[in-house]
Each structure stands twice: as C-alpha cells, then as structure tokens.
Amino acid sequence: ERQRTLYLPHGAHAEGWYCFWSGEYFVGGQQVTVNAALDRLPLFVRAGALLPTTDTTHDRAKTEEPSRALRYYPAPPSDAVCATQATLFEDDGLQTAHGAEQQKVHHFRATATRDQLTLTVSHEGAWTLPYEHIRIVLPDAEKRALLLQSSGVRLTIHDRD
C-alpha cells in the first residue's frame, strides 16, 4: 500500500490533528507517515474543529433526503478550555428569495475541558428542515462526558466503543 510522509503544523490554536478516516490523533509540529491509497487520500482535521457533513449511515436510502452529522474533533484534555464554533446554512436549494422563512441557520458552539465536552446548538430561521435530527460523531478514542444542549432539532450521539 502506498504511503506518504506529511508535516502536520503546530499552530497557536491547533494542538494537533485527527485523521478524518480513522479518528487517530496526531500531535502537531511533526512529520507523520500515513497510508495514501488512491481511493482514500490523507485527510486531516484540526483538533477543536466542528465539521457539519451529510450523514453517511447505511440505513438511509439514496433517494431519501440525507440527514446531517456534526463531526466534533475536540482538543485533547488539558487544564485550558478550548472553545470553537461553526455555522451551517440550510435552504431547499431551489428558491431565489432570501429571508428567514426560506432558510435555517444552525449555530454550533463547543467547549472541551479536561473532563467534559459541551456542545450547544441554536437556530435561526423558519424553514422546515427535511431531517429531524443531527447525529453527533466523536473520534472513537474520545472518552470524556458529552453534554448536549439544543432547541429545534434533536441531537443523537454516534455509538462509541
């Protein structure tokens, strides 16, 4: 299998990186050698990132409106509080009119401490979403307690090992 050596930078706000495919955590500021198959190129996500995606669970028919997932890659446990936020804009993709009745905006805010993760979701807009829940996905190795706060959409947690 092909492998590539990559440099993962260490930045002021990025203590490390997660492999998108495996969820494995890597400390920043070093070179790593990873598998790089042609059908699965190396892809890394900064620690602390919130990544809204279309959900890819196998129980959804391809003709159904896909549900959403929020992938949370928390900063590693530390005495500092790591806060991050993301916004997801939703509309039907067909209307050209703008306004609260044709859209929904999700605001995601997360904090990570040594012992706990907190995720808060708030919403703006009156558009009716084509899905009823957002699935929260954490790296498999993440063991801290997760506190969820939401109004307007149900949050479900992806089963962890």
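Each number in the numbering used here comes from the position in the sequence shown (counting from 1) with 28 added on. Built from N, CA and C at the ideal position, the CB exists for glycine as well.
**Q.** Residue interval of the beta strand (DSSP E) (run including residue 131)
**A.** Where residue 131 is concerned, there is no enclosing beta strand (DSSP E), given that its DSSP letter is neither H nor E.
Q. So which of 99, 69, 158 has the shortest CA-CA distance to residue 29?
A. Nearest of 99, 69, 158 to residue 29, Cα basis: 69.
Q: Could you tell me how far apart the beta carbons of residue 98 and residue 185 are, in whole angstroms, since I believe they sit closer than 8 Å?
A: The Cβ separation is near 10 Å, so there is no contact.
Q: Return the residue from the list 61, 45, 62 that minimises the CA-CA distance to residue 54.
A: The shortest Cα separation from residue 54 among 61, 45, 62 belongs to 45.
Q: For residue 108, name the three-state secondary structure that DSSP assigns.
A: Three-state DSSP puts residue 108 in coil, outside helix and strand.
Q: Measure the Cβ-Cβ separation of residue 176 and residue 157 and say whether it is below 8 Å.
A: Cβ distance not < 8 Å, so residue 176 and residue 157 don't count as in contact.
Q | Where the beta strand (DSSP E) containing residue 48 begins and where it ends | A | Looking at the DSSP string, residue 48 is not in any beta strand (DSSP E), and its letter there is neither H nor E.
**Q.** Distance between beta carbons of residue 37 and residue 76, contact taken as under 8 Å
**A.** Contact flag wrong, Cβ pair sits at about 14 Å.
Q: Return the Cβ separation of residue 136 and residue 111 in integer angstroms, given the expectation that the two are a contact with Cβ distance under 8 Å.
A: Not really, about 11 Å apart at Cβ, beyond 8 Å.
Q) Does the Cβ of residue 173 have 16 or more other Cβ atoms within 10 Å, making it buried, or fewer, making it exposed? A) So residue 173 counts as exposed.
Q | When 181, 178, 166, 182 are compared against residue 206, the one with the closest alpha-carbon | A | This structure gives no information on residue 206, because the portion of the chain shown stretches from 29 to 189.
Q | Supposed close pair residue 138, residue 79 - CB separation, criterion 8 Å | A | About 11 Å; that fails the 8 Å criterion.
Q: Starting from the C-beta of residue 83, find all residues in its chain whose C-beta is less than 7 Å away, skip the five residues before and the five after it, and write them out in chain order.
A: Cβ within range, chain order: 94, 95, 96, 97, 163.
Q) For residue 34, does the three-state DSSP call read helix, strand or coil? A) When secondary structure is reduced to three states using DSSP, residue 34 falls in the strand class.
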